[in-house]
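Visitor:
Residue numbers (our numbering), protein chains in the order written: chain A, 6 to 388; chain B, 204 to 269; chain C, 100 to 446.
1) One question on the structure: do residue 415(C) and residue 348(C) come within less than 8 Å of each other, judged by their Cβ atoms?
2) Going by the CB atoms, is the gap between residue 115(C) and residue 208(C) shorter than 8 Å?
3) Where do the ends of the beta strand (DSSP E) carrying residue 288(A) lie?
4) DSSP three-state call for residue 228(B): helix, strand or coil?
5) Rounding to the nearest angstrom, what Cα-Cα distance links residue 404(C) and residue 279(A) in this structure?
6) Going by CA-CA distance only, name the one from 195(A), 175(A), 214(A) that's closest to residue 151(A).
7) Alpha carbon to alpha carbon, how far is residue 376(A) from residue 433(C)?
8) For residue 18(A), verify whether its CB is less than 7 Å away from any heavy atom of the ligand NAD.
9) Thinking C-alpha only, which one of 330(C), 220(C), 187(C), 353(C) is nearest residue 284(C)?
10) Compare the C-beta of residue 348(C) against all C-beta atoms of chain A and say whether one is closer than 8 Å.
11) Beta-carbon of residue 55(A) versus every beta-carbon of chain C: anything under 8 Å?
12) Applying a beta-carbon distance threshold of less than 8 Å, which residues of chain C neighbour residue 237(B)?
13) Does the Cβ of residue 271(A) have 16 or more other Cβ atoms within 10 Å, making it buried, or fewer, making it exposed?
14) Taking just the CA atoms, how far does residue 222(C) sit from residue 248(C)?
15) According to DSSP, simplified to helix, strand and coil, what is residue 150(C)?
16) Once you ignore the five residues that flank residue 269(B) on each side, which residues in its own chain have a CB closer than 6 Å to its CB?
17) Is it the case that the Cβ atoms of residue 146(A) and residue 174(A) are separated by a distance below 8 Å?
18) Just the chain A side, please: which residues come within less than 7 Å of residue 300(C) by C-beta, in chain order?
19) May I ask you to report which of helix, strand or coil DSSP gives residue 208(B)?
20) Count the C-beta pairs between the region 281 to 297 of chain A and the region 36 to 55 of chain A that are closer than 8 Å, then say yes if the count reaches three, no if not.
21) Would you mind sorting residue 157(A) into buried or exposed? The rule is 16 or more other CB atoms within 10 Å of its CB.
22) My output table needs one value for residue 269(B): the three-state DSSP class, helix, strand or coil.
23) Hey, how far is the Cα of residue 137(A) from the Cα of residue 91(A)?
24) Can you find a CB in chain A that lies within less than 8 Å of the CB of residue 451(C)?
25) Taking the alpha carbon of residue 308(C) as the reference point, which residue from 197(C), 246(C), 234(C) has its own alpha carbon closest?
26) Here's the rule: buried if 16 or more other CB atoms are within 10 angstroms of the residue's CB, otherwise exposed. What is residue 479(C)?
27) Is there a Cβ from chain A that is less than 8 Å from the Cβ of residue 244(C)?
28) Note down, in chain order, every chain C residue with its Cβ under 8 Å from the Cβ of residue 10(A).
29) Go through its chain and collect everything with a Cβ distance to residue 387(C)'s Cβ below 7 Å, but skip five positions before and after it.
30) Mind listing the chain B neighbours of residue 238(A)? Cutoff is C-beta to C-beta under 7 Å, in chain order.
31) Name the chain B residues that come within less than 7 Å of residue 147(A), Cβ to Cβ?
32) Check whether the Cβ atoms of residue 263(C) and residue 402(C) lie closer than 8 Å to each other.
33) CB residue 270(C) to CB residue 346(C), shorter than 8 Å?
34) Buried or exposed for residue 250(A), going by 16 or more other Cβ atoms inside 10 Å?
35) How many Å lie between residue 267(A) and residue 217(A) at the Cα?
36) Report the residue from 220(B), 219(B), 224(B) whose alpha carbon sits nearest the alpha carbon of residue 210(B).
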């Protein structure tokens, strides 16, 4: 039994929680909660959590998947970089199949001869740089505040070792900025296309930035936030806590993941981020467009570790497939089955957009775990 | 994941049900054998507080009572 | 060939070189000293390019396989034993009795002779334990860099008992799904030796020859067995999805009925994998008519290779061929098959 893992996946407790949730929802109310943590998107699908919620509680998948929010133009740059004969591009596995422009991808570039290597950890990339001094090793850095400290530590390691052949291609993004952008968006504020009654706060990100980082949203936008662990019972309990807040008319930040998340987060991790990174004025997010103060770049004194400066990379604007609804899906405006391409042209075998590639993407999660629900929905509609 | 060995250079061996991996603990202060950690891409991000973990479990178990 | 003029192969430090594949004396020595010794049968010792056998009356099956597993040696087996077990299993999945195997070796220049010997011996042992001889073979050597150590290609023939016609399109709604034991063992064992993954575990590959188990099952269930399949690359998920598509049905699976060893679960947790997608090399899935399910399950459990056999679900009408699963958590999900094995060269 995996301690501190299996206990939070207990089916018997799930049943009880489901009953409590069913008893506490007001029958004539609708509850719409957005989660923006890829781990949550995955857990909800993989455990079939939606089957245990009453029909008037709806989960909306937000932009919590770092692979999914990466714009095509940045993938194109990574592919371009990998095609240089002297470059060894190191990347997390998820990025290999993300489609770039004209049906390209890192996996295809690798088959065409690019030196692209999958790594599990940033340390692996630095070790490759150490072991192969004649290669220019570039780490394709993506992710929210959970993966940024590991990138910072890799840079520290590279600096200590005096490596001159290691660089990062920085695409790190910030969670609060994404939440702010969604709450400020016309879809939410004016048009009412997306109704959000509360947020399930991210698990791992919160261990780094702290539960306190979300207080501003509760205060300014008057939306309850519950920071949730990423096991299915954590998510269910957090949904219950959100329902209670909505029923009580409260909008506070509550921390369900108290066993790992503190109010202020991980100071050491935050210091590592601050040491190497600074804010970009603006950064393009797939689906959200240009978002101010939402992403990081390396500080100028680390220019020699910055792939964009070292290799003179220029971001060329690239267009998404016009029929691809990843953008709307990431904002919670549409669901995977609302996209015309879903299941027809766009499948995990042939992904058109990043929501289908990453296991944390809403489309991939729905395809892999949840597609059968449409069968039930169609049967109901037919009856 | 439980720390079963503290290694030099801010590394540690963690074990989960008999499977062990070497990970970095550079983002944490004071790690010791027996600590439970949250792991992400090869780095320990946070320690799991056993008391709070128990409290969460109790709340979950008690959910249906009363 | 007079042995007194021939230096013994240096198994400790020697390496395969291009002369070993050139068809001359060096190759003959390699074949004799390593392969004939390891397999130890008259067919091979006769030294012909082919071997003859009488064809028994009845229907025969033939199969072929390639083995490219990396690394070559892994906990619980190696490319050699895997090749023997895998080929036998392909034949056994037809309900057939395996008769003979062939083995062809493509060796990279520089491959250590000691490793080749170990692998050959391992194959010989597996073959003898299964009572299925390797009666013919071939050896080629390619230049350094052209074969990543060693590739083994096999073929096998077997005889199908009269009246049996297992077929991938034979499953029907209402049929019971049985599995012969825990899932994910082989893939995890192989992955644990991949350098870039770096985790330690005591999990052994489940690589095993299943023809004895199958014979017991056939005796108990006969033509009530619709189809057998071993869930290798892609895991149980791939097998169930293939069968659903081939038989034009769906499946309902109970996650609580699946057996996953704690270490396999933990390794998958570390790597972000689902045991359902991880390869197995000593397990089989059986789709059987409901009236024979109990008898077949009992026969499986009586065999050491099927001691943990379980009923995991049943077939349903479903034009969309979904494999639906009730999770331990209580909710539902589908078990999809991935577009590719998550890690290459797992068998």
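We put the beta carbon where it would ideally sit given N, CA and C, even for glycine. Small disclaimer: the values here were computed from a predicted structure and weren't measured.
Guide: According to the data block:
1) yes
2) yes
3) 287 to 290
4) coil
5) 56 Å
6) 214(A)
7) 7 Å
8) The model depicted lacks the ligand NAD and carries no ligand whatsoever.
9) 330(C)
10) no
11) yes
12) The premise fails here: residue 237(B) is roughly 18 Å from chain C at the closest Cβ pair, so nothing lies under 8 Å.
13) buried
14) 17 Å
15) coil
16) Only weak support exists for where residue 269(B) lies, its pLDDT of 43 falling under 50; the value from the coordinates is given anyway. Cβ neighbours of residue 269(B) beyond the five flanking positions: none.
17) yes
18) Result: empty, since nearest Cβ-Cβ is about 13 Å, beyond 7 Å.
19) strand
20) no
21) buried
22) Model confidence at residue 269(B) stands at a pLDDT of 43, short of 50, so the residue's coordinates are unreliable and nothing is read from them.
23) 11 Å
24) Residue 451(C) is absent from the structure shown; chain C starts at 100 and stops at 446.
25) 197(C)
26) The requested residue 479(C) is not part of the displayed model; chain C covers only 100 to 446.
27) no
28) 368
29) 274, 275, 277, 320, 323, 324, 325, 395
30) 263
31) Per Cβ cutoff of 7 Å: no residues; residue 147(A) is ~11 Å from chain B at best.
32) no
33) yes
34) buried
35) 8 Å
36) 224(B)
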